[in-house]
Amino acid sequence: MANFGELVLVLGDLHIPSRSSSIPDKFKRMLVPNKMQHVICTGNLGSKEQYDELRELAPNVHVAAGDFECTVGKEGSGGGAEDAANQGIGVANMTGGATNMTSPLTTTITTPAPTATTPLPVMPTFPETKVVQVGHFRIGVIHGHQVVPWGDHMSLAMVRRKLDVDILISGHTHVNEVVEHEGCYHINPGSITGAYSSFTDKDITPSFVLLAVQGSKVVCYVYELIDGEVDVSKTEFTKNFNAGHAGTEVGVRM
1 MANFGELVLV
11 LGDLHIPSRS
21 SSIPDKFKRM
31 LVPNKMQHVI
41 CTGNLGSKEQ
51 YDELRELAPN
61 VHVAAGDFEC
71 TVGKEGSGGG
81 AEDAANQGIG
91 VANMTGGATN
101 MTSPLTTTIT
111 TPAPTATTPL
121 PVMPTFPETK
131 VVQVGHFRIG
141 VIHGHQVVPW
151 GDHMSLAMVR
161 RKLDVDILIS
171 GHTHVNEVVE
181 HEGCYHINPG
191 SITGAYSSFT
201 DKDITPSFVL
211 LAVQGSKVVC
221 YVYELIDGEV
231 DVSKTEFTKN
241 FNAGHAGTEV
251 GVRM
């Protein structure tokens, strides 16, 4: 098997079950435990069960608080206002997409659903932002609802500079993006479940991102479920040691 380096699964905006019933089966079969070193989630999980399933995938799980985050058992029962549920997830080998490339992913696990008598678990309180060091990269994560206009790269750059990071991961729009900006990178994994969003009137394509980090190099794989098939595209970039990170905070509600 190829050495892909340190693997980071990036996903978010599950909204289970209020907007979607589960992660698509073809994604779940690709995600297996203990193949990745980190999971980064942009928030809006839906339930404590979803968080627990992320914790089965990798030893390091990093979550930023979403605008519909639950605090006890289900969204709407303590903090946030909408979601709840179960389903399983983790990484291996796959050839897919129009580019016919090898990417780090395959296989599945299942987690039994809680019974009616199971007490509601308490969801941890997630931070608004978090910074993770992987290889030579400082990676920041924020849900993205605090940034106006939503998904705007000038506003996201203000967050990136405030956090002093090389890569900023955000969600909220449910639309995946990998964008170079000012010598750094903005990554949005989209919604892994394809949950609807008021950001666009188009159907949401289920998607997630996998980062393969080797020192100062990153290969960014974007996985999309298109017409029932998994399509994989990739972007490669290296750390820009000359890029300035520090800057203003204007226009960002933190």
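The UniProt record's numbering numbers the first residue of the sequence shown as 1 and each following residue consecutively. A virtual CB, placed ideally from N, CA and C, is assigned to each residue, including glycine.
Is the beta carbon of residue i sitting closer than 7 Å to the one on residue j?
i    : j    : result
V219 : K239 : no
V134 : V230 : no
H186 : V175 : no
G190 : S216 : no
V165 : V131 : yes
Y221 : V213 : no
T205 : H143 : no
V10  : I192 : no
G140 : L163 : yes
L211 : P104 : no
D25  : G171 : no
What is the residue span of the beta strand (DSSP E) that residue i lies within?
i    : result
K68  : The question names Lys, but residue 68 in the sequence shown is Phe. First-last for F68: undefined, no H or E at that position.
A243 : That residue, A243, is in no beta strand (DSSP E); it is neither H nor E in DSSP.
S170 : 167-170
L11  : 6-11
Quick one: what's got a C-beta closer than 6 Å to residue i's C-beta in the same chain, skipping five residues either side?
i    : result
H15  : N44, G46, D83, A195
Y51  : L45
E56  : P33
D67  : H145
E177 : N188
E236 : V219
Run the proximity test for residue i: is its beta-carbon closer than 6 Å to any non-hydrogen atom belonging to the ligand NAD?
i   : result
P33 : This structure lacks the ligand NAD, and indeed carries no ligand of any kind.
If you follow the alpha helix (DSSP H) that residue i is part of, which residue opens it and which one closes it?
i    : result
E49  : 48-55
K26  : 25-28
H38  : Counting along the chain, H38 falls outside any alpha helix (DSSP H), though it belongs to the beta strand (DSSP E) covering 38-41.
A195 : Run containing A195: none; DSSP gives neither H nor E here.
V218 : First-last for V218: 217-226, but that is the beta strand (DSSP E), not the alpha helix (DSSP H).
S21  : No alpha helix (DSSP H) holds S21; DSSP gives it neither H nor E.
K162 : 153-163
Going along the chain, which residues of its own chain have a beta-carbon closer than 8 Å to the beta-carbon of residue i, five neighbours each way excluded?
i   : result
Q37 : E6, L7, V8, A58, P59, N60, V134
H62 : H38, V39, I40, C41, K130, V132, V141
Measure the alpha-carbon distance for residue i versus residue j and round it to whole angstroms.
i    : j    : result
S197 : L156 : 19 Å
L225 : A243 : 34 Å
H145 : T173 : 8 Å
S32  : N3   : Sequence inspection shows Val at residue 32; the Ser mentioned does not correspond to that position. Roughly 17 Å separates the two Cα atoms.
E69  : R138 : 25 Å
E53  : W150 : 28 Å
F27  : H181 : 29 Å
R160 : S20  : 30 Å
F241 : I23  : 37 Å
K48  : K35  : 22 Å
Please work out which residues of its chain come closer than 7 Å, Cβ to Cβ, to residue i, disregarding the five sequence neighbours upstream and downstream, and give them in chain order.
i    : result
H136 : G215, S216, K239
A65  : G43, F126, P127, E128, H143
T200 : V175
Sort out for me which residues DSSP pairs residue i with in a bridge.
i    : result
I131 : Reading off the sequence shown, one finds Val at residue 131, where the question assumed Ile. The partner list for V131 (beta bridge, DSSP) reads G140.
H181 : C184
I204 : I204 is not bridged to any residue.
K234 : Y221
H62  : I40
Q214 : K217
V209 : V10, V222
Quick check: is the beta carbon of residue i nearer than 7 Å to any beta carbon in chain D?
i    : result
V148 : Within the model displayed, chain D is absent; a lone protein chain is all it includes.
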